[in-house]
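Asks: Can you read through this structure? Questions will come right after.
2 protein chains.
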Amino acid sequence: MTAERIQDGIPIHAATDVVREISADDTLLISGFGSVGYPKAVPLALADDEADYSLTVVSGGSVGAEIDVSLVEADAVDRRFPYQARPPIRESINDGAVAFHDRNISTLGDEVRYGGLPDGGVAVVEALAAGSDWFIPTTSIGQTPAFVRSADKLIIEVNQSVPEEVRRFHDIYRLGTPPNRGPVPLTDPGGRIGKNSVSFDPEKLIGVVQTDRRDQPYAFRDPTEADRSIAAHLRSFLEREVERSPLFEESVRIQFGVGSLGNALMGALGDADFDDRELIYFGEVIQDGLLDLLDDGKLASASATSLALSSEGHERLFEDVDRYAEDIVLRPADLSNSPALIDRFGVIAVNSALEVDLFGHVNSTHLNGTRVMNGVGGSGDFNRHSPLAVLALPSVAADGDISRITPMVPHVDHTEHDIDVVVTEQGVADLRGNEPRETARDLIESCAHPDYREPLEDYLARGIESNGHIPHDLDTALSWHANR
Amino acid sequence: MTAERIQDGIPIHAATDVVREISADDTLLISGFGSVGYPKAVPLALADDEADYSLTVVSGGSVGAEIDVSLVEADAVDRRFPYQARPPIRESINDGAVAFHDRNISTLGDEVRYGGLPDGGVAVVEALAAGSDWFIPTTSIGQTPAFVRSADKLIIEVNQSVPEEVRRFHDIYRLGTPPNRGPVPLTDPGGRIGKNSVSFDPEKLIGVVQTDRRDQPYAFRDPTEADRSIAAHLRSFLEREVERSPLFEESVRIQFGVGSLGNALMGALGDADFDDRELIYFGEVIQDGLLDLLDDGKLASASATSLALSSEGHERLFEDVDRYAEDIVLRPADLSNSPALIDRFGVIAVNSALEVDLFGHVNSTHLNGTRVMNGVGGSGDFNRHSPLAVLALPSVAADGDISRITPMVPHVDHTEHDIDVVVTEQGVADLRGNEPRETARDLIESCAHPDYREPLEDYLARGIESNGHIPHDLDTALSWHANR
Chain A
1221 MTAERIQDGI
1231 PIHAATDVVR
1241 EISADDTLLI
1251 SGFGSVGYPK
1261 AVPLALADDE
1271 ADYSLTVVSG
1281 GSVGAEIDVS
1291 LVEADAVDRR
1301 FPYQARPPIR
1311 ESINDGAVAF
1321 HDRNISTLGD
1331 EVRYGGLPDG
1341 GVAVVEALAA
1351 GSDWFIPTTS
1361 IGQTPAFVRS
1371 ADKLIIEVNQ
1381 SVPEEVRRFH
1391 DIYRLGTPPN
1401 RGPVPLTDPG
1411 GRIGKNSVSF
1421 DPEKLIGVVQ
1431 TDRRDQPYAF
1441 RDPTEADRSI
1451 AAHLRSFLER
1461 EVERSPLFEE
1471 SVRIQFGVGS
1481 LGNALMGALG
1491 DADFDDRELI
1501 YFGEVIQDGL
1511 LDLLDDGKLA
1521 SASATSLALS
1531 SEGHERLFED
1541 VDRYAEDIVL
1551 RPADLSNSPA
1561 LIDRFGVIAV
1571 NSALEVDLFG
1581 HVNSTHLNGT
1591 RVMNGVGGSG
1601 DFNRHSPLAV
1611 LALPSVAADG
1621 DISRITPMVP
1631 HVDHTEHDID
1641 VVVTEQGVAD
1651 LRGNEPRETA
1661 RDLIESCAHP
1671 DYREPLEDYL
1681 ARGIESNGHI
1691 PHDLDTALSW
1701 HANR
Chain B
1221 MTAERIQDGI
1231 PIHAATDVVR
1241 EISADDTLLI
1251 SGFGSVGYPK
1261 AVPLALADDE
1271 ADYSLTVVSG
1281 GSVGAEIDVS
1291 LVEADAVDRR
1301 FPYQARPPIR
1311 ESINDGAVAF
1321 HDRNISTLGD
1331 EVRYGGLPDG
1341 GVAVVEALAA
1351 GSDWFIPTTS
1361 IGQTPAFVRS
1371 ADKLIIEVNQ
1381 SVPEEVRRFH
1391 DIYRLGTPPN
1401 RGPVPLTDPG
1411 GRIGKNSVSF
1421 DPEKLIGVVQ
1431 TDRRDQPYAF
1441 RDPTEADRSI
1451 AAHLRSFLER
1461 EVERSPLFEE
1471 SVRIQFGVGS
1481 LGNALMGALG
1491 DADFDDRELI
1501 YFGEVIQDGL
1511 LDLLDDGKLA
1521 SASATSLALS
1531 SEGHERLFED
1541 VDRYAEDIVL
1551 RPADLSNSPA
1561 LIDRFGVIAV
1571 NSALEVDLFG
1581 HVNSTHLNGT
1591 RVMNGVGGSG
1601 DFNRHSPLAV
1611 LALPSVAADG
1621 DISRITPMVP
1631 HVDHTEHDID
1641 VVVTEQGVAD
1651 LRGNEPRETA
1661 RDLIESCAHP
1671 DYREPLEDYL
1681 ARGIESNGHI
1691 PHDLDTALSW
1701 HANR
C-alpha cells in the first residue's frame, strides 16, 4: 500500500538534500489551511540547516509549528503572508522582525499569480500520493493549486500517515485567467465539478520527500457560559429569520468561523427548529461540530477547504469514511470562499471578532489597533458577500475589564456596510435598515455588557452634540484604547 | 410616435391623482442612477401635496433635484437609502433630520428583496414606453428591476423627452433567488444576455403618468493641474502594469469612478500606449470621456448602468445612436457592479476618496469621520473585487490646508485589504506585497504633499516606538482631524 503512493520511477529524496534547491532568499508557497495539510519535513530541514535563510513564506491559511514556530525561531523567515496563528510568529511580526500583511483568503491565489504578492519561488506541498505530473493533497486544499501554477519549482512531501481515503473528499476545480475566467459551474453547495488531484508541469518538480509526521490535532476548549448564551440567542434569531425570509424557503446555508466559539455555535444549530428545511454548511473548515450534525442526520452536506478536527473527530471521520465522503467536499480556498458562490447560494455568515464599535465597524485582527493577532482570514469574504452577516462575540474580554463594544475601533477589517446582525451573550441587535444613531442605541441596549452601557451612552451623547451623520466625538473616540 | 409609447387601453393619470395611492409613511423604491432616469412628476406632485408625508426613499444610486431637493425641502422624507449627492438632503442627514445609511451598490437590490431594507412599498419608475405588464427604462437601469419585483405597487412615469432609441442600450438580465441563483452567463464584458424591458405583475400597476421633464445634464469642471498630473502618473503606471501582468495579455478592462476627476482620467487613457491591446470599460456610468475614446476608436466596448453625460455628450450620443448602440450596454446595477463579474473579467478599478491613511485604509464618505458627503456608492464593489484597485486623489484639499494622506482615517470605507495602488499628483505608491511600515513610507515618499511629509514621518516614528504590527500612536492618531 505504502509503496504505491509514489509512482514508479520517481526518485525519493531526503529533506536535507532537497533544501539545497531552495535559495537563501527564496519564496516558499506552501500548502496548508486550518493548521492541517502543510509540509513538515522540508520546513524542519530548513530550520536545522546551517545556511542563513531570509525566506518569504506564503500559505493558504494557518499552518503548524514546523513553520510558524521552528522556522521562525531559526530566524529563517523574513516575510509572511497572509495568516498565522502561533505565538512565536505573532511576536516576531509585532516586534517588526518579520514583515507581514494579512489578506483576504479568496483572492490570495490570484494575488500570487498576477502580481499582488511575490511570484516565482518554490511550492512545497503535502500530498498523500504523487506521480510525475500530479499529486493528491492531504487534509486541506487551501491555495495549493494556484501556488503550484505560479511557482517555478515544486517539492512534494508524501505523508504516509494520512489515510488514502482523504482523496475522496477532494473536488479540485481550476479557475481560469481573467477575462476568460468564465462562470464557475457549481450550482449546488455540496456539488462536485473538479477532480481529486492537482496537475503540474513535470519540469517544475525538483524532489519528492517522504514523511509520516502527523498534523497536530485541534483542541477545542469546552463551551463557556457566554458561548452557550451566544449560541442560544443566535439560534432563536436564526429560527425567526429563516421563517421570515424568502431566501430560506427550501434550505439554510451557513458558514461559521474557525475556533472554539464557532465550533460551539455549530453544535447549537443541532437544536434549532428550521421546520424540515435542509441545513447545508458552506464554509472554510470542517470542525467536530459538523460531524455531530452529520451523525445526527441534521446536515445535508458540508463544503470547506480543510478538515480541522480534534483527534477524536479525526478518528470518527476515518472509521466511517465511506459515509462521510458522500456529504463532505473539500475545495480550493478560492472556491470555498468565493464571493460569487457565497452570493449565489445565499450563505449566512457567522464570524467572531475582537471588537465592534457603536456604528458597526469591526476589528478582527489588531489588538488596540496595533498588535496583530492572527489575520482577517476568510471573515471578509463571508461577511461582505453573505446576505446575512452575523457577528458573534462575547460583550467583554479580560474577565470583564474590556468592553468589546467600543466607541470607535482603532482598526477596521469589516465596515458598517458589511455587518447585518450582532449577537453577544446579552442579546441580538439587528442593524439592517438602521441609520448610525439607531445602530449605536441597539448595540448599547441589546449587546453591550450592563457595566459599559452608561459610558457608551455618554460617548454617544457627546457625539450627538456635534451633530453629524455618524456622531463621533473625535477628542475621546480612541480614549478607551489609548488608556489601556 | 408619442402616442405609441403607452400601450392602447392603459389609462393615463395626472401625477396629482396618482399620489393619492401613496400613504403618508410609505416606502418609495425609485428608478435612477448617476442622477439620470429617475421619476420627476410624481416626486414634484408629492412635494406640492398638502398631506404630511414621512416617506422612506430608496434609489439605486444618485437622483435629481426633484427628489433630493424638492421632496426634502417639503419635509416629506424621513429616511433615505443608499446614496445622495445634493446639498439639501446631505444637510438634513447631517443634522439628524433624515435617517440615512449608505450601502454598497451591488447588493442593494438583494437587501430590498430579502430583508436588509424596508420591503413592500411603491416602485416609482421612469420609462420611455410601457404596456400592461412591461416597461422600458430610460437613461439608467440601476436597481429598478429588483425594486419592481419587491414592491407591492408600481407607478410608471413615461417620459416623452427621452429618445426612444435609448432602449437599444439596455440588457436587462434577472438574477435568480439564492440558492438557485445560478451562474450569470455573461462571458464577454460587452456581451448581452437579457432583454430591453422590465416585466411586472399587472396587478401591481396603480397608474401611468406622462411627463416631458428632462434629466439635468452633468456639468464636468475643466481638469485642474492636479487632475492632469494624477492622470499622467496613472497612465505611466498602467502602461508598465499592462506590459507586466498576465491578466492583460489580450485586453485591458477598466472602471473609473463618477465625477470630474474620473472623467479626466478616462480622457487620459486615450494617450496610453497599451500596445494594440483592446481597451474595455466595465463600470457604473458612461461619461463624456468614454464617448471620446469610442469616437477615436480606442475603446472596444463600454458596460454600465447609467448614461451620465453633459448636454453636449447627450447630443453626440443621440446624433449617432446606431453606432454607439453597438458598443454601449446598460445593465442592472447588480450586474454592472457584480463581484463575480468584476473578478471574472479582471477589471482594473480607479476610484477617488476623501483621504487615505498611512496604512492604506480609505475614507470615501465621511468628512472628519462624522459628516457624510455622498455615500460609498460602487467604490466598495470595485475596490474589493478588482485584481488591481487604484485609489486616485489629490494629495491635499482646501487649497493645501488639509493633507489627504493622514495618520489614521476617522472613518473606513475600504480597508488595507482592498487597495493596491495609490496615485496623487506627487506620484504612485504600489502597496502590493508591502507590510504596514513599508506602506507608510511609500505613501509619505511617493504620494504625500511635501508640506506634510515631515509631520507624517514624525507620526510614524512615534508609532514605531510602541512597536506593533501597525505602528499607530493612539494618543495622536486622530489629532489632525480633532483639531480641524
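Those protein sequence lines, which keep their order, are chains A and B. Converting from the first sequence to the numbering used here requires adding 1220 to each position, the first position being numbered 1. Converting from the second sequence to the numbering used here requires adding 1220 to each position, the first position being numbered 1. All C-beta atoms, glycine included, are put in the ideal place defined by N, C-alpha and C. Just so we're clear, the structure is a prediction, and the values are computed from it rather than from any experiment.
1. Below 8 Å on the Cβ atoms is my contact criterion, and I expect residue 1361 of chain B with residue 1475 of chain B to pass it. Report the Cβ-Cβ distance as a whole number of Å.
2. Just to make sure I have the definition right: I need the residues of chain B whose C-beta is within less than 7 Å of the C-beta of residue 1596 of chain A. Which are they?
3. Output the distance between the C-alpha atoms of residue 1285 of chain B and residue 1397 of chain A, rounded to the nearest integer angstrom.
4. State the CB to CB distance for the pair residue 1226 of chain B and residue 1366 of chain B, rounded to an integer number of angstroms; the pair is presumed to be in contact (CB under 8 Å).
5. Which residues, in chain order, does the stretch 1387-1403 of chain B contribute to contact with chain A at a C-beta distance below 7 Å?
6. Within the same chain, show all residues whose beta-carbon is closer than 7 Å to that of residue 1603 of chain A, passing over the 5 residues directly before and after it, in chain order.
7. Are the C-beta of residue 1702 of chain B and some C-beta of chain E separated by less than 7 Å?
8. At what residue ranges does the stretch 1528-1558 of chain B contain a whole run of the alpha helix (DSSP H), taking only runs of 4 or more?
9. With three or more C-beta pairs closer than 8 Å as the rule, is the stretch 1238-1247 of chain A touching the stretch 1431-1439 of chain A?
10. Mind checking if residue 1413 of chain A is an interface residue toward chain B, Cβ cutoff 7 Å exclusive?
11. If you draw a straight line from the C-alpha of residue 1498 of chain A to the C-alpha of residue 1523 of chain A, how long is it?
12. Quick one: which chain B residues come within Cβ less than 7 Å of residue 1535 of chain A?
13. Which residues in the same chain have their Cβ closer than 7 Å to the Cβ of residue 1631 of chain B, if we skip the five residues on either side of it in sequence?
14. Determine the DSSP secondary structure at residue 1647 of chain B, reduced to helix, strand or coil.
15. Report yes if the C-beta distance between residue 1374 of chain B and residue 1343 of chain B is below 7 Å; otherwise report no.
16. Residue 1407 of chain B touches chain A at which residues, Cβ-Cβ below 7 Å?
17. So, using beta-carbon positions, are residue 1428 of chain B and residue 1376 of chain B closer together than 7 Å?
18. Consult DSSP for residue 1661 of chain B and reduce its assignment to one of helix, strand or coil.
19. Suppose you measure from the CA of residue 1432 of chain B to the CA of residue 1261 of chain B; what does that come to, to the nearest Å?
20. Could you work out which residues of chain A lie near residue 1590 of chain B, taking near to mean beta carbons separated by less than 7 Å?
21. What residues in the stretch 1321-1334 of chain B bring their beta carbon closer than 8 Å to a beta carbon of chain A?
22. Could you check whether the Cβ of residue 1566 of chain A sits closer than 7 Å to any Cβ belonging to chain B?
23. Whole-angstrom Cβ separation of residue 1488 of chain B and residue 1454 of chain B, contact assumed at under 8 Å?
24. Would you say residue 1698 of chain A lies against chain B (beta-carbon separation less than 7 Å)?
25. Grab the span of the beta strand (DSSP E) containing residue 1427 of chain A for me, first residue to last.
26. By how many angstroms is the C-alpha of residue 1301 of chain B removed from the C-alpha of residue 1322 of chain B?
27. If you scan the stretch 1451-1507 of chain A from start to end, which runs of the alpha helix (DSSP H) of 4 or more residues do you find wholly inside it?
28. Would the beta-carbon of residue 1578 of chain B fall within 7 Å of that of residue 1651 of chain B?
29. Within the 7 Å Cβ cut-off, does residue 1337 of chain B reach chain A?
30. For residue 1470 of chain B, which residues from the same chain have a beta carbon less than 8 Å from its beta carbon, with the 5 sequence-adjacent residues on both sides left out?
31. Just list the alpha helix (DSSP H) runs in the stretch 1232-1287 of chain B, keeping only unbroken ones of 4 residues or longer that don't cross its boundaries, in chain order.
32. Please list, in chain order, the chain B residues whose beta carbon lies closer than 9 Å to that of residue 1464 of chain A.
33. So, is the C-beta of residue 1306 of chain A closer than 7 Å to a C-beta in chain B?
34. Which residues does DSSP pair with residue 1612 of chain B in a beta bridge?
35. Taking its Cβ as the centre, do 16 or more other Cβ atoms sit within 10 Å of residue 1564 of chain A, making it buried, or is it exposed?
36. I'd like to know if the stretch 1548-1561 of chain B and the stretch 1523-1540 of chain B are in contact, where contact means that at least 3 CB-CB pairs between them fall below 8 Å.
Replies: According to the structure shown:
1. Their Cβ separation, rounded to whole angstroms, is 16 Å, which puts residue 1361 of chain B and residue 1475 of chain B out of contact at 8 Å.
2. 1637
3. 44 Å
4. No, residue 1226 of chain B and residue 1366 of chain B are not in contact; Cβ-Cβ is about 24 Å, not under 8 Å.
5. 1397, 1398, 1399, 1401, 1402 and 1403
6. 1569, 1571, 1609, 1634, 1638 and 1639
7. Any reference to chain E falls outside this structure, whose protein chains are A and B.
8. 1531-1539, 1541-1547 and 1553-1556
9. no
10. no
11. 14 Å
12. Correct list: empty, because the minimum Cβ distance to chain B is about 33 Å.
13. 1583, 1585, 1586 and 1589
14. strand
15. yes
16. 1402
17. yes
18. helix
19. 9 Å
20. 1686, 1688, 1689, 1690, 1691 and 1692
21. 1321, 1322, 1323, 1324, 1327, 1330, 1331, 1333 and 1334
22. yes
23. 7 Å
24. yes
25. 1425-1431
26. 6 Å
27. 1480-1489
28. no
29. yes
30. 1497 and 1498
31. 1235-1238 and 1261-1268
32. 1335
33. no
34. B:1643
35. buried
36. yes
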